[in-house]
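Numbering (this note's numbering), first residue to last: 13 to 122.
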């Protein structure tokens with residue numbers, strides 16, 4: 013499998029795991045503190061989504077700098093690859109949030 017595909021899948025599942033894991037653990041914490049877990053799980057899933065993406069792309073601003081540098085040098089191939097990796101991280105975080113909403117009984121996102 014190509015290195016790019018491997019990186020895409022890795023970023024997808026890192027972001028997915030951060031959202032899903034944090035939300036599930038907040039559900040456990042809610043049960044331990046005798047609070048309703050569904051609302052806390054949904055809240056955590058929504059609020060941690062951006063941080064899941066940051067964790068998946070490396071936790072620094074370097075990918076954004078790389079995009080800027082390659083645009084200035086008119087090299088679009090690395091820019092497109094980096095944007096696709098960010099899209100993969102976003103997709104993983106979004107899917108993790110969607111599954112948490114599904115587990116919690118669906119409902120409208122507020």
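Where a beta carbon is used, it is the ideal one built from N, C-alpha and C, also for glycine.
Backbone CA spacing between residue i and residue j [nearest angstrom]
i, j, result
"residue 116", "residue 109", "11 Å"
"residue 76", "residue 97", "12 Å"
"residue 107", "residue 14", "24 Å"
"residue 78", "residue 16", "16 Å"
"residue 83", "residue 95", "12 Å"
Other residues of its chain near residue i: CB distance less than 7 Å, five sequence neighbours each side excluded
i, result
"residue 46", "none"
Own chain, CB closer than 6 Å to residue i, minus 5 neighbours either side, in chain order
i, result
"residue 57", "31, 35, 109 and 112"
"residue 105", "27, 31, 61, 64 and 65"
Residues near residue i by beta carbon distance below 8 Å, same chain, minus five either side
i, result
"residue 43", "49"
Which parts of the segment 18-94 are runs of the alpha helix (DSSP H), unbroken and 4 residues or longer, counting only runs that do not cross its ends?
With a minimum length of 4 residues, the continuous alpha helix (DSSP H) runs that stay inside the segment 18-94 are 49-68 and 74-84.
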